[in-house]
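Just so you know, we're using the UniProt record's numbering here: the sequence shown kicks off at 1 and counts up by one.
First up is the structure itself, then whatever we jot down about it.
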Amino acid sequence: MLGTVAKKTEQFPRHCVTSVFDSKPPPLILSKPVKDVIIEETIHGTASKILVTLTLYGDMGASSISACVKGSFNPKLNEALPFLSGLYRREAEFYHYIAPRLNIALPDTWYVGTDTTNGQGIVIMGNLKVQGCSFTNPLKPWPINLVEMAIEQLASLHASTWGSRVEDIPCANKNDTLVDPIVGLLATEEWNKRFADDARPPVPKAMDDRERIISTFKALWDSDTRLRCLVHGDGHIGNTFISHDGQPGFLDWQVTHVGSAMHDDAYFINALHLTGGPDLQLQLSGVWEEYRRHTFHGFAWVLAGPMMQSREVVDVMVERHCAAIIDHQSMELLEGCEE
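Structure, rendered in structure tokens:
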């Protein structure tokens, strides 16, 4: 749910980005100090992506590179939804602590930093578009070959961290990046905004019950799993890139945490086993029920307001996920009252 581009705007205070490079000590990009910053484009979503041209100064003189500075740069969003601050730090921590251990497609990252005082988390990475990568619309389906390759990426992530506990992986607790934001978005004031007549997403009447939704999420978070590993947590098409040679990779690691592999909908048994994980064909008992439970995570799309996601995307994704929740009787399973 989280991370897809919501809008583009040129209305952006330059100092928010340049202050990153004015910090003490200043960040080095490719081992070189930054001499100048030109803001090319600002893209606001749950996180802001600021596309810049950086002038670097080295022994051989000045050189320029294209980069993406990602972090919490939308003052209106920060003021309206302060409980999202953990997301920005989590992504920076992911690229610092976890990414070097993984054998999956990820952007080149040149700098990460966090500030627990103001909630900021900064990631400076290569500009994927300039590198020949493309991005896909979550409303348009992928061909089967892309789906297979993306699932293999997730399976590799899961297999390489299979059986991990929160204590095993720095910054892998789900509370600050999954539980706290959703609890914040389920507060009465935020719920009323999302379900106002002019903003209401296409949610079935049976799910138009805030207390029931809160109770169901709590039951999901409290449920145990035998499929514990590091998960992306938001692995939909809108959070991917396609490299110049056609290989998909995942972006927006803001809600990564130790949880159930089913959260990523990565129940592709062969890919998981071939990349070093367990052979789930020998452990099928209870797996289907776990898949059904974690289908409920899709309800988080309902909670995404206009500063986080475009309404066009939200409405379509809500229809899809709510249909899946109903088909799988996810709420009834979590409530212990399925027929």
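From the three backbone atoms N, C-alpha and C, an ideal C-beta is built for every residue, glycine too.
Exercise for the section: Report, in whole angstroms, the separation of the C-beta atoms of P181 and Y97, which I expect to be a contact under 8 Å. Expected result: So it is not a contact: roughly 20 Å between Cβ atoms.
Problem - Residues sharing a beta bridge with P33, DSSP - result: L28.
Handout entry: C-beta atoms of R90 and Q329 nearer than 7 Å
Key = no
Practice task
Give me the Cα-Cα distance between G61 and I124, rounded to the nearest whole angstrom.
Solution key: 22 Å
Practice task
Take L30 and list the residues in its own chain whose beta-carbon comes closer than 8 Å to its own, dropping the five residues that flank it on each side.
Solution key: L56, I65 and W110
Exercise for the section: With distances taken Cα to Cα, identify the nearest neighbour of G286 among V147, T225, G45 and G126. Expected result: If you compare the alpha carbons of V147, T225, G45 and G126 with that of G286, the shortest gap goes to T225.
Practice task
Kindly provide the ranges of any alpha helix (DSSP H) runs that are 4 or more residues long and lie completely inside the stretch 152-193, ordered along the chain.
Solution key: You should have 180-185.
Handout entry: Three-state class that DSSP yields for C68 in the structure shown
Key = In the structure shown, C68 sits in a strand (DSSP, three-state: E or B).
Handout entry: E148 versus D59 - alpha carbon distance
Key = 45 Å
Exercise for the section: Measure the alpha-carbon distance for T256 versus G235 and round it to whole angstroms. Expected result: 10 Å
Exercise for the section: State whether the stretch 157-169 contacts the stretch 227-242, with contact taken as three or more CB pairs (one from each stretch) at a distance under 8 Å. Expected result: With the cut-off at 8 Å, the stretch 157-169 and the stretch 227-242 touch.
Problem - Cβ-Cβ distance between K174 and G45 below 7 Å - result: no
Exercise for the section: On a CA-only basis, which of R293, L185 and P248 is nearest M308? Give me that one, please. Expected result: L185
Handout entry: Integer Cβ distance of S72 from G132, believed to fall under 8 Å
Key = About 28 Å separates the two Cβ atoms, so there is no contact after all.
Problem - 4 or more residues per run - each alpha helix (DSSP H) lying fully within the stretch 76-104 - result: 85-93
Problem - Proximity to F299 [Cα-Cα], best of E290, V314, L28 and W288 - result: Residue V314 is the option with its Cα nearest to F299.
Practice task
Along the alpha helix (DSSP H) that carries M317, what are the first and last residues, could you check?
Solution key: R311 to D327
Exercise for the section: Take I326 and list the residues in its own chain whose beta-carbon comes closer than 8 Å to its own, dropping the five residues that flank it on each side. Expected result: P204 and A206
Exercise for the section: Have a look at F268 and N137 and give me their C-alpha separation to the nearest angstrom. Expected result: The predicted position of F268 is uncertain, since its pLDDT is 43 and thus under 50; no value can be drawn from it.
Problem - Beta-carbon proximity check, L178 vs R293, cutoff 7 Å - result: No. Outside cutoff.
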